[in-house]
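Enquirer:
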């Protein structure tokens with residue numbers, strides 16, 4: 031059964047690869063990745079273009095922005111959970127955070143659309159949908175993963191160092207700030223990478239608030255992520271057409287980016 | 443020195459308060475806006491109206507979602523639990539364990555939309571299943587597999603090794619020990635892992651947009667027919683604009699209620715087991 035599981039994964043990747051490769055017969059790899067014109071269906075005599083640079087940029091931009099917001103809130107909460115809360119409080123708070131993880135992504139998108147986008151509309155952003163809104167919604171989605179995994183690793187270093195710190199007469203909070211957090215830096219980094227992976231693959235919530243326009247991402251402008259392109263256009267792409275294969279290729283690019291970040295950081299952590 | 447500590451303190455309290463507020467806000471918002479729509483007709487009738495979904499209910503979407511979730515749970519949990527068992531009890535080489543962990547990690551890294559692409563080209567197109575519950579369920583099953591595997595493996599590793607060792611000492615074979623000691627002892631945790639995985643599958647839209655879920659269908663009768671699903675229904679209602687906004691709140695309400703209910707169930711179950719363990 032284990033080998034079956036392993037085989038399925040290999041199969042998934044091979045399959046995506048097989049479906050993606052035909053696109054490079056018509057579009058060169060460089061053009062595909064660095065081009066920013068996306069015109070899958072022949073328009074007004076302009077021909078078709080397949081360049082996903084804007085989508086890649088949007089995916090990375092939104093994910094990192096979301097990460098930044100999520101870390102600034104989540105790490106604080108993780109510190110609270112691991113160093114302040116009693117174990118009774120923890121058994122109460124963890125399920126609460128799991129609850130946040132259980133909310134379907136469509137509901138996140140729905141709330142984002144009804145609360146955040148309306149808010150941005152009032153503050154004067156055109157149509158309200160923007161990269162910032164997507165990043166905020168995404169950061170809320172990342173919070174539970176970030177908090178539960180990073181509080182676990184903080185808990186470990188707390189057990190190692192907090193008592194020693196207290197015995198030396200150092201203020202508890204100072205110990206946390208200058209010993210415990212730096213000591214678990216590596217594993218915190220690992221938690222962040224896992225969360226980034228999640229952020230990049232997220233489709234629905236981002237798609238519903240980001241505005242879906244092929245533009246280079248700016249903080250308050252519309253944009254479109256790779257996953258959103260696939261979800262929106264798969265239904266209309268003709269089976270076997272270049273457009274169809276291009277969407278698979280976009281999916282492949284998404285996987286490659288995520289795996290690259292994953293393994294890159296893993297090796298980096300090993301070297302540190 | 444004092445300031446650094448104070449800042450961290452402030453940060454910690456703010457973080458936890460923000461998380462609390464956000465969670466409460468999400469549930470309160472949906473429940474407040476959605477509760478007025480909920481009625482017996484809404485739950486038990488099919489959607490209707492000039493613009494689909496602006497009248498009527500969501501019953502086919504509920505049953506459809508159930509069908510998808512069940513298929514996904516069956517397809518995902520069996521290989522997940524067996525992989526976890528293999529890694530913990532049968533795998534001797536640490537390199538093999540590492541390889542499996544890497545693969546599982548990659549698995550969980552694959553975006554759900556790409557799993558949808560995979561399932562579309564293989565099952566819907568090449569194997570000619572068409573858009574159906576099975577193709578969607580397989581995509582969802584692959585999606586929740588790593589989720590369940592990680593939890594199951596953690597459960598097996600945390601099981602008191604004394605129990606397993608005593609079983610070996612009494613001359614039980616490995617298989618016998620697993621069936622009679624390990625699995626029953628971990629039943630609760632496995633069960634909650636699978637329930638949470640099911641919730642995850644129920645809420646996912648991306649893998650089934652083009653593999654199994656459709657805008658309108660009757661109650662699911664066969665694995666080889668398409669069905670409606672709650673999250674996709676919600677998405678379509680939202681995409682239609684303001685005519686069906688109330689219904690969208692109602693649909694979100696139902697989904698949030700299911701999530702809340704299963705989470706409470708899992709928490710209570712886990713706590714009760716924890717309690718009985720401590721009493722012994």
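Protein chains in written order, with the working numbering: chain A, 31 to 302; chain B, 443 to 722.
Backbone N, C-alpha and C fix where the C-beta goes; we use that ideal spot for every residue, glycine too.
List the residues of chain B that residue 241(A) touches, going by C-beta distances under 9 Å, in chain order.
Expert: Neighbours of residue 241(A) on chain B: none; closest Cβ ~14 Å, over 9 Å.
Enquirer: Excluding sequence positions up to five away, which residues of its chain have a Cβ less than 8 Å from the Cβ of residue 691(B)?
Expert: 472, 475, 476 and 479
Enquirer: Does residue 174(A) pass the burial test, meaning 16 or more other C-beta atoms within 10 Å, or should it be called exposed?
Expert: buried
Enquirer: Could you list which residues in chain A have their beta carbon closer than 8 Å to that of residue 705(B), in chain order?
Expert: Within chain A, the C-beta atoms nearer than 8 Å to that of residue 705(B) come from 125, 128, 129 and 132, in chain order.
Enquirer: Look at the alpha carbon of residue 125(A) and the alpha carbon of residue 159(A), and state the distance between them as a whole number of angstroms.
Expert: 32 Å
Enquirer: Look up residue 199(A) in the DSSP assignment and say whether it is helix, strand or coil.
Expert: coil
Enquirer: If residue 676(B) sits next to residue 653(B), beta carbons under 8 Å apart, how far is it from one beta carbon to the other, in whole angstroms?
Expert: About 18 Å separates the two Cβ atoms, so there is no contact after all.
Enquirer: Within 8 Å (strictly less), CB to CB, does residue 453(B) reach chain A?
Expert: yes
Enquirer: For residue 110(A), return the contacting residues in chain B, with the cut-off set at a CB-CB distance below 8 Å.
Expert: Within 8 Å Cβ-Cβ: 454, 455, 457 and 458.
Enquirer: Roughly how many angstroms separate the alpha carbons of residue 273(A) and residue 213(A), rounded to a whole number?
Expert: 49 Å
Enquirer: Tell me the DSSP secondary structure of residue 180(A) in three-state form.
Expert: helix
Enquirer: Can you tell me where the alpha helix (DSSP H) holding residue 580(B) begins and where it ends?
Expert: 575-600
Enquirer: Residues of the stretch 32-52 of chain A with a CB closer than 7 Å to any CB of chain B: list them in chain order, please.
Expert: 32, 34, 35, 36, 38, 39, 42, 45, 46 and 49
Enquirer: Rounded to the nearest angstrom, what separates residue 90(A) and residue 253(A) at their Cα positions?
Expert: A straight line joining the alpha-carbon of residue 90(A) with that of residue 253(A) spans about 12 Å.
Enquirer: Mind listing the chain B neighbours of residue 141(A)? Cutoff is C-beta to C-beta under 9 Å, in chain order.
Expert: 467, 468, 471, 472 and 694
Enquirer: Hey, how far is the Cα of residue 162(A) from the Cα of residue 148(A)?
Expert: 13 Å
Enquirer: Determine the contact status of residue 109(A) and residue 206(A), defining contact as a CB-CB distance below 8 Å.
Expert: yes
Enquirer: Distance, Cα to Cα, residue 132(A) vs residue 637(B)?
Expert: 11 Å
Enquirer: Here's the rule I'm using: 16 or more other beta-carbon atoms within 10 Å means buried, otherwise exposed. How should residue 461(B) be labelled?
Expert: buried
Enquirer: If you drop the 5 nearest sequence neighbours on each side, which residues of the same chain put their C-beta closer than 6 Å to that of residue 112(A)?
Expert: 181, 184, 185 and 188
Enquirer: Residue 516(B): buried (16+ other C-beta within 10 angstroms of its C-beta) or exposed?
Expert: exposed
Enquirer: What's the C-alpha gap between residue 671(B) and residue 504(B)?
Expert: 7 Å
Enquirer: For residue 101(A), does the count of other Cβ atoms within 10 angstroms reach 16, so buried, or fall short, so exposed?
Expert: It counts as buried.
Enquirer: When Cβ atoms are compared, which residues of the stretch 634-649 of chain B fall closer than 8 Å to chain A?
Expert: 638, 641, 642, 644, 645, 646, 647 and 648
Enquirer: Is residue 236(A) closer than 8 Å to residue 164(A) when the C-beta atoms are compared?
Expert: yes
Enquirer: Could you tell me which chain B residues have their CB closer than 8 Å to the CB of residue 292(A), listed as they occur along the chain?
Expert: The contacting residues are 547, 548 and 551.
Enquirer: For residue 538(B), report the span of its alpha helix (DSSP H) as first-last.
Expert: 536-551
Enquirer: Apart from the five residues just before and just after residue 193(A), which ones in its own chain have a Cβ nearer than 8 Å to its Cβ?
Expert: none
Enquirer: Using a C-beta to C-beta distance shorter than 9 Å, which residues of chain B count as neighbours of residue 117(A)?
Expert: Within chain B, no residue comes near residue 117(A); the closest Cβ sits about 11 Å away, beyond 9 Å.
Enquirer: Taking only heavy atoms of the ligand NAP into account, decide whether any of them is closer than 7 Å to the Cβ of residue 190(A).
Expert: This structure simply doesn't include the ligand NAP, nor any ligand for that matter.
Enquirer: Please confirm if residue 721(B) has its CB atom under 8 Å from at least one CB of chain A.
Expert: With a pLDDT of 45 at residue 721(B), under the threshold of 50, the modelled position of this residue cannot be trusted; read the value that follows with caution. For residue 721(B), the answer is no, since every Cβ of chain A falls outside 8 Å of its Cβ.
Enquirer: Quick one, which residues of the stretch 202-221 of chain A are near chain B if we go by CB-CB under 9 Å, in chain order?
Expert: Listed by position, the residues of the stretch 202-221 of chain A near chain B (Cβ gap below 9 Å) are 202, 203, 204, 205, 206, 207, 208 and 211.
Enquirer: Does the distance from the C-beta atom of residue 624(B) to that of residue 601(B) stay below 8 Å?
Expert: Taking the C-beta atoms as reference points, residue 601(B) is found nearer than 8 Å to residue 624(B).
Enquirer: What do you reckon, are the CB atoms on residue 554(B) and residue 605(B) nearer than 8 Å?
Expert: Taking 8 Å as the Cβ cut-off, residue 554(B) and residue 605(B) do not qualify as a contacting pair.
Enquirer: Report the three-state DSSP secondary structure of residue 571(B) (helix, strand or coil).
Expert: coil
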